[in-house]
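Heads up: the structure comes next, in structure tokens.
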């Protein structure tokens with residue numbers, strides 16, 4: 008290919024006016040179906056989920072599949088992990104305790120005086136659990152340690 012008097016010549020044939028058009032070729036990652044910039048994905052290949060412009064085989068910890076089935080969304084602030092929706096927690100962040108798939112600051116709010124059911128924190132697993140002693144009516148800070156017993160019983 009040569010250029011003569013603003014004409015582009017390939018072999019013996021004049022093919023243009025000498026202008027060259029350069030297209031930028033973006034190289035997406037192998038998991039990415041389309042991207043706008045190198046390594047910044049817009050749509051993932053089949054079997055991968057989009058989160059923060061990256062493609063993952065599974066949604067990263069702290070996220071769950073979005074309703075579109077193709078991307079991930081961040082769990083609610085209290086959830087460490089979630090499933091099926093952003094506020095359906097499976098585990099809680101430090102300082103929160105899981106009860107009925109929600110994260111709470113304390114567990115004694117679920118006490119049921121009428122039925123004699125009392126709750127406390129399981130610190131290790133970040134859960135709200137029933138007091139381990141059936142005669143206990145207060146174990147808020149630790150489900151395995153009774154703070155107050157029913158009448159006729161002692162701590």
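Residue numbers (my numbering): 8 to 162.
Heads up, the beta-carbon is just placed ideally off N, CA and C, and yes, glycines get one too.
With a CB to CB cut of under 6 Å and the five nearest residues on each side skipped, what residues in its chain are close to residue i?
| i | result |
| --- | --- |
| residue 35 | 42 |
| residue 103 | 85, 110 |
| residue 129 | 136, 150 |
Using the DSSP secondary-structure output, state which residues sit across from residue i in a beta bridge.
| i | result |
| --- | --- |
| residue 42 | 48 |
| residue 78 | 57 |
| residue 119 | 124 |
| residue 145 | 155 |
| residue 72 | 79 |
| residue 129 | 134 |
| residue 1 | Missing from the structure shown is residue 1; the chain here goes from 8 to 162 and no further. |
| residue 63 | 56 |
| residue 109 | 106 |
Between the Cα of residue i and the Cα atoms of the options, which residue gives the shortest distance?
| i | options | result |
| --- | --- | --- |
| residue 74 | 121, 57, 115 | 57 |
| residue 49 | 69, 67, 77 | 77 |
| residue 134 | 44, 141, 115 | 115 |
| residue 144 | 156, 151, 150 | 156 |
| residue 119 | 113, 107, 137 | 137 |
| residue 70 | 95, 148, 47 | 95 |
| residue 90 | 72, 125, 127 | 72 |
Please list, in chain order, all residues of the same chain as residue i whose beta carbon is under 8 Å from its beta carbon, the five residues on each side excluded.
| i | result |
| --- | --- |
| residue 140 | 146, 153, 156 |
| residue 67 | 58, 79 |
Assuming residue i contacts residue j (C-beta within less than 8 Å), just tell me the rounded distance between them.
| i | j | result |
| --- | --- | --- |
| residue 51 | residue 62 | 4 Å |
Using a Cβ-Cβ cutoff of less than 7 Å, which residues in the same chain neighbour residue i once the five nearest sequence positions on both sides are dropped?
| i | result |
| --- | --- |
| residue 55 | 38, 62, 63, 64 |
| residue 99 | 85, 86, 87, 105, 110, 133 |
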